[in-house]
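Chains as they are written, first to last, in the numbering used here: chain A, 1456 to 1791; chain B, 30 to 381; chain C, 26 to 337. Notes follow once the structure below has been shown.
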């Protein structure tokens, strides 16, 4: 009798019961706050589907979905052609929201927002600008009493889409950066600094270490009440990141969206465009091996367009432009 | 299932006079309920040659599983790192590069970081560990011995991630705000404390590593010192030595080899330590120029970058690092265990 | 025989009173003696000091842990799953249960294999070169970094199966338990007096029965001790689970799916910026430490009781 009970329990634990369908996903930390909220709400609305999302970084999302060890991935750095061709599972990009990468810093007793030019940021990470009261930073911030103290740059130690967006922007505004470093989810940081894991790690480090400087997704700066600065855009204006600024940056791209949705909107033209903006994508397999999972994911994506997008602005992300939403709706139909 | 010995002891007079080979003694006192074949087999007293051989074969296989585990790990690490071995060759370990964009990988900064943190940790831990070992074996009053040794073993029981948590929230601010400026002020002339101090870095990682390897070195050193025959101690005391001289000449001199073994064991542990170091080393893949600079160790780079290494060469390079770590810790541990065994050969085993 | 077997010493000279014919020697001897005793005291002091320095971090860590973690331990912690990012509340219930499951799988696989290997070393292989080799290898395997185990199991199980799973996490922890259990089992079995075994053989009990019902039973307190030690050791391991169990936001008891684990969650929360998560990390660490300390303390108590009191 006991043996039978034990056997039944083991079988139940092996996943024989169809209580809840477990879908595993992994990827970017950039959109994790909103994905986390979406997946939790979706699970509450549809208790039979659990989408387990692990924010391990965009690089992780790309790798795991390419290997097939998770059901879908997420990344804010689009996959390169080489990555797409080498992947064991063929995936397509589906944009979900737009977000902004902001420069965060921790200067004790300073309550003002600092202005940063693109080349200044690049040179901080290259190591050319070492102190907070460097003349170039002072020039952009007249009247601010900047301390004579070394800057501690913080970057991502893991493969990160946020890094991709950030380095994509830096490559556009600093030729030296383009030549020395380039853009990727994981780069060789040329100057001094410390690496931390995930947007959370960078935000955590900057929060705790005085005189540090880092780059995180907007929501992380907002949620942790950190100081974040303005960035000079292509039109020469210093802008603080807002969902509107991000939407403005995407305006041109929205009109000419390529079919695979891989597009870069950093350093976009326009007076109100925030320069370090980007789409973020879900990497959905073109063909699911498990049809039930495919259907569940398809349902989620539809829910996302109907209900999820409206939550974006409250969390500091920008919803997809209307034209893009229409395109995505058609693409979702092809998920099998 | 009652032991045959006990049942025989309890009922000595019910031994079957016709000989002991017919049925089990336990059947004589149990009520005659039909027994399952399994139970019958277990209770039988057959010559059991087949059962013995099967049993010892099963035990042998389980023992060989230990070899199997080691061989399997070796095989899989070699198989998956073939790509980067063929691409970079042995120079992989002497080059300083880690550029996922261009696919250029060289593991020297990690080797440097691992060695630097481990040796620094040993430097800090060994005197303390030996001091504790000496105290506990020779100087401690009998009543305090058990509690204090228990407390030092508790240090070994704390998981690595908890050490890391404590280090991030207590040690790093301490280093940044108090310890760092103190060291810079008084020891800055050594040129070891240049550069800016942000709390995370080589020194912090070494300190937390030292705390973690202390209990191992101390515990094994204690075993070694207990294994020295008491006659040695008495002989030196009889010649008029002070207590310290007795320890030095009678115990430590004889236990030299074993203590070296204990230290190398601590080194082995330090080389492979992952979680606590990852959280405080700063993750900067360059050779640190001062004790305050951030660095990177072999184990940390695997922990940080393994699950997201896109591209086969990247992944293969990380697995090659894992292979190197595996081989190095095996060699280090083998040497250490050989040294320890040489001294404790004759001593009784102690559960630890 | 006129030889006096007892050598008579000259009467001890009172050096302190300056009775020696050569004052130089006496002062040198005196200074020497003082120096030696001084050194003795210095070293004693250093040994005591180092013990204090060693105990200090332990007290500091435990104290801080209790101070930070105890306030966050409430019923919600043990019954709720994590709240969405940035929101207060929530707990680590799924991580605790997940840890329990993974450790259960690991114990189920590791303990029998470990004990069997220990039995082989102690009973069947005494003195053979194979046994020495196995013993040595087990000791060496103990020192292999846990992250290497993690990536090996990832390559073996996760990549083949195409998903992370609690099973893979359990296997990774099991292969870490086996060497420890093997060695402690062997040592415990070696302390069982031969007389007990011989008594059983003398009564005609086959070898395998002797080992199972006599030797193992006698040594069982010690063997249980060893198992608990191994259990406590792997309970806190994070690195092997990073790439095998992977973590799960929801309740999950399935062996074939990713699963949350307490040390994993602590790691993720510790490096995050959210105060709420830091709070949970401290509470989780406290729970983990309490679990481990209880096991270690029980080990200590058990090792002093039982049939073989005084044998270790």
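Beta carbons: idealized from backbone N, C-alpha and C, even for Gly.
Comparing alpha-carbon positions, which option in the options lies nearest residue i?
i	options	result
residue 1482 of chain A	A/1506, A/1529 and A/1521	A/1529
residue 227 of chain B	B/243, B/187, B/207 and B/241	B/207
residue 1744 of chain A	C/263, C/188 and C/314	C/188
residue 1693 of chain A	A/1571, A/1492 and A/1584	A/1571
residue 101 of chain B	C/300, C/175 and C/248	C/175
residue 352 of chain B	B/124, B/92, B/85 and B/140	B/140
residue 80 of chain B	C/230, C/245 and C/252	C/230
residue 1716 of chain A	A/1734, A/1706 and A/1703	A/1734
residue 287 of chain B	B/213, B/233, B/355 and B/367	B/367
residue 323 of chain B	B/115, B/225, B/128 and B/365	B/225
residue 145 of chain C	B/242, B/111, B/233 and B/90	B/90
residue 1532 of chain A	A/1640, A/1769, A/1632 and A/1664	A/1640
residue 238 of chain B	B/209, B/195 and B/272	B/195
residue 1697 of chain A	A/1498, A/1769, A/1740 and A/1690	A/1769
residue 159 of chain C	B/273, B/278 and B/88	B/88
residue 318 of chain B	B/222, B/248 and B/299	B/222
residue 236 of chain C	B/84, B/111, B/78 and B/316	B/84
Where residue i and residue j are concerned, what is the direct C-alpha to C-alpha distance, given to the nearest angstrom?
i	j	result
residue 85 of chain C	residue 178 of chain B	17 Å
residue 158 of chain B	residue 274 of chain C	42 Å
residue 1542 of chain A	residue 297 of chain B	38 Å
residue 1421 of chain A	residue 106 of chain B	In the structure displayed, chain A extends from 1456 to 1791; residue 1421 of chain A sits before or after that span and is not available.
residue 1780 of chain A	residue 1757 of chain A	10 Å
residue 42 of chain B	residue 226 of chain C	Confidence at residue 42 of chain B is low in this model, with a pLDDT of 47, below 50, so the placement of that residue is unreliable and no value is reported for it.
residue 1786 of chain A	residue 1742 of chain A	13 Å
residue 1586 of chain A	residue 214 of chain B	21 Å
residue 1628 of chain A	residue 1701 of chain A	18 Å
residue 1775 of chain A	residue 1593 of chain A	37 Å
residue 118 of chain C	residue 289 of chain C	13 Å
residue 332 of chain B	residue 172 of chain C	7 Å
residue 1772 of chain A	residue 1510 of chain A	17 Å
residue 1625 of chain A	residue 1601 of chain A	24 Å
residue 319 of chain C	residue 214 of chain C	25 Å
Cβ atoms of residue j and residue i: under 8 Å apart, would you say?
i	j	result
residue 1552 of chain A	residue 1506 of chain A	no
residue 1650 of chain A	residue 1675 of chain A	no
residue 1682 of chain A	residue 1607 of chain A	no
residue 245 of chain B	residue 163 of chain C	no
residue 1555 of chain A	residue 1732 of chain A	yes
residue 305 of chain C	residue 294 of chain C	yes
residue 109 of chain B	residue 310 of chain C	no
residue 304 of chain B	residue 131 of chain C	no
residue 1548 of chain A	residue 1760 of chain A	no
residue 335 of chain B	residue 268 of chain C	yes
residue 309 of chain B	residue 193 of chain B	yes
residue 182 of chain C	residue 140 of chain C	no
residue 1526 of chain A	residue 1475 of chain A	no
Please report the residue range of the alpha helix (DSSP H) in which residue i lies.
i	result
residue 141 of chain C	118-144
residue 300 of chain B	282-301
residue 251 of chain C	241-260
residue 1701 of chain A	1698-1710
Could you please give the first and the last residue of the uninterrupted beta strand (DSSP E) stretch that includes residue i?
i	result
residue 1607 of chain A	1607-1611
residue 133 of chain B	133-136
residue 171 of chain B	That residue, residue 171 of chain B, is in no beta strand (DSSP E); its alpha helix (DSSP H) goes 171-186.
Looking at chain B, which residues of the segment 1600-1615 of chain A have a Cβ within less than 8 Å of any of its Cβ atoms?
Residues passing the 8 Å Cβ filter: 1605, 1607, 1612, 1613 and 1614.
Under 9 Å (Cβ pairs) to chain C, residues found in the segment 1651-1667 of chain A:
Correct list: 1651, 1652, 1653, 1654, 1655, 1656, 1657, 1658, 1659, 1660, 1661, 1662 and 1663.
Check each residue of the segment 203-224 of chain C: if its Cβ is closer than 8 Å to any Cβ of chain B, include it; give the result in chain order.
Contact residues of the segment 203-224 of chain C toward chain B are 203, 204, 207, 209, 212, 213, 215, 216 and 224 (C-beta to C-beta distance below 8 Å).
For the segment 1626-1645 of chain A, which residues have a beta carbon sitting closer than 9 Å to at least one beta carbon of chain B?
1636, 1637, 1638, 1639, 1640, 1641, 1642, 1643 and 1644
By the 7 Å beta-carbon criterion, what residues does the segment 127-140 of chain B contribute toward chain A?
127, 128, 129 and 130
Which of the residues in the segment 1501-1520 of chain A, read from start to end, lie with their CB under 8 Å from any CB of chain B?
1511, 1512, 1513, 1514, 1515, 1516, 1517, 1518 and 1519
Taking a Cβ distance cut-off of 9 Å, strictly less, list which residues of the segment 143-158 of chain C are near chain B, in chain order.
Going along the segment 143-158 of chain C in chain order, one finds 143, 144, 145, 146, 148, 149, 150, 155, 156 and 158 with a Cβ nearer than 9 Å to chain B.
Listed in chain order, which residues of the segment 276-289 of chain C have Cβ atoms closer than 8 Å to some Cβ of chain B?
288
Between the segment 187-202 of chain C and chain A, which residues of the former have CB atoms less than 7 Å from a CB of the latter, in chain order?
187, 188 and 189
Chain A contacts from the segment 314-336 of chain B (Cβ-Cβ distance under 7 Å):
Within the segment 314-336 of chain B, the residues whose Cβ lies closer than 7 Å to some Cβ of chain A are 323, 333, 334 and 336, listed in chain order.
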